[in-house]
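Working notes, structure below.
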Amino acid sequence: MSAFDQDRLAELIATLPPAPEAWVRAAQELPYARETLDGLVARAEADAEFRRALIADLESALQAEGVEPIEPIVSELRRRFADS
Amino acid sequence: MSETVSAAELVARCRAGDQQAWADLVERFSRYVYAIAVQGFRLREHDAEDVFQEVFARVYERLDTLRSDEAIQPWIAQLTRRLCIDKLRSGSREEVTDDPDAPIAADDDALAKVDEALTIREAMDALPDNCRDILDRFFARDESYRTIAEALDLPAGTIASRISRCLAKLREELEGRNPVSTQSGGQVNA
């Protein structure tokens, strides 16, 4: 490692600003989102009424199930049911 | 926070299903991925976000394929670069006003600097919390002395000298370390 003067250190610290909080949060919620998504899709495949409710009003149907309608879940469900 | 936990340890814990470890891993590499996309490839914000989410989705899905837990950083770097290139090939890139015909390519100097910055960030993790926080707020978050003073409940007049002392500590930390390769890439099963 070469020696660093303070200006160089300052420059390098500034090179890594934080990513937008919402991006980080969405990536952190990935395990929860995947797990939740799998459960919802399985249920929608087995329960026609639940499927209709999801398609009609996704956010409300999720909230009724006690599922937080976070972006990764909502967008993925919209994508999966887009052709329904 | 997980400053004292190595990235390799976080990977091992993620494999065991530890969701907090996953959150810490994302936190650990979020700036790195963001910087590669925005500085190294000059992606527009919404394209950078697509790449950012795709990187972490693939890391999550394929963590079991990583040959060595220590390889997580070069793997993430390689994956991010590849996805940025894919995004550029799909036609999205911030316009460079003084050279609109510039070829689509990574800024290698910027990417090297991002890698070097990650090494500095790792060294910062070894500093006391207050030092790490003050350096991050001032240089990375661009906060004013007053904002930092209010946030950390410190006299505003002491911020400049604290920054200077913390930079000196950081320098000592770096000088105490063995030479570290900062090159990314070269791995794996992305």
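Sequence order for the protein chains is A and B.
Residues in the first sequence are numbered consecutively from 1, following the numbering used here.
Residues in the second sequence are numbered consecutively from 85, following the numbering used here.
Yeah, the Cβ is synthetic: ideal placement off N, Cα and C, and Gly gets one too.
Quantities reported herein were computed from a predicted structural model and do not represent experimental measurements.
In whole angstroms, what is the alpha-carbon distance linking residue i and residue j?
i: residue 46(A); j: residue 91(B); result: 41 Å
i: residue 196(B); j: residue 103(B); result: 31 Å
i: residue 67(B); j: residue 212(B); result: Summary: the structure shown does not reach residue 67(B), with chain B confined to residues 85 through 274, and so no result is reported for it.
i: residue 51(A); j: residue 88(B); result: 46 Å
i: residue 31(A); j: residue 242(B); result: 43 Å
i: residue 35(A); j: residue 225(B); result: 34 Å
i: residue 115(B); j: residue 16(A); result: 6 Å
i: residue 238(B); j: residue 247(B); result: 12 Å
i: residue 105(B); j: residue 71(A); result: 21 Å
i: residue 26(A); j: residue 76(A); result: 13 Å
i: residue 133(B); j: residue 258(B); result: 32 Å
i: residue 220(B); j: residue 11(A); result: 11 Å
i: residue 63(A); j: residue 94(B); result: 32 Å
i: residue 97(B); j: residue 22(A); result: 24 Å
i: residue 6(A); j: residue 227(B); result: 18 Å
i: residue 181(B); j: residue 39(A); result: Low confidence applies to residue 181(B): its pLDDT is 41, below 50, so where it sits in the model is not reliable, and the reading given next is rough at best. Residue 181(B) and residue 39(A): Cα-Cα distance of roughly 48 Å.
i: residue 109(B); j: residue 174(B); result: 29 Å
i: residue 39(B); j: residue 240(B); result: Residue coverage of chain B in this structure runs from 85 to 274, which leaves residue 39(B) outside it and unanswerable.
i: residue 144(B); j: residue 164(B); result: 14 Å
i: residue 41(A); j: residue 49(A); result: 13 Å
Listing by chain order, which chain B residues have their CB less than 9 Å from the CB of residue i?
i: residue 18(A); result: 114, 115, 118, 220, 224, 225
Just the chain A side, please: which residues come within less than 9 Å of residue i by C-beta, in chain order?
i: residue 126(B); result: Residues of chain A passing the Cβ test: none, with the nearest at roughly 14 Å.
How would you list, in chain order, the residues of chain A whose beta-carbon sits under 7 Å from the beta-carbon of residue i?
i: residue 133(B); result: 23
i: residue 110(B); result: 24, 27, 28
i: residue 162(B); result: Here the premise fails: no neighbours, minimum Cβ distance about 18 Å.
Residue i versus chain B: which residues are under 7 Å apart at the beta carbon?
i: residue 9(A); result: 204, 251, 254, 255
i: residue 4(A); result: 255, 258
Going along chain B, which residues have a C-beta under 8 Å from residue i?
i: residue 69(A); result: In chain order: nothing, as chain B lies at least about 17 Å away.
Identify which residue in the options has its Cα closest to the Cα of residue i.
i: residue 201(B); options: 112(B), 130(B), 101(B), 139(B); result: 112(B)
i: residue 249(B); options: 234(B), 101(B), 216(B); result: 216(B)
i: residue 169(B); options: 153(B), 207(B), 245(B), 139(B); result: 139(B)
i: residue 56(A); options: 20(A), 9(A), 78(A), 28(A); result: 78(A)
By the criterion of Cβ-Cβ separation under 8 Å, what are the contact partners of residue i in chain A?
i: residue 198(B); result: 15, 16
> What are the start and end residues of each continuous beta strand (DSSP E) run of 3 or more residues lying completely inside the region 212-254 of chain B, in chain order?
Replying inline: none
> What runs of the alpha helix (DSSP H), each 4 residues or longer, lie entirely inside the region 89-154 of chain B?
Replying inline: 91-99, 103-119, 129-146
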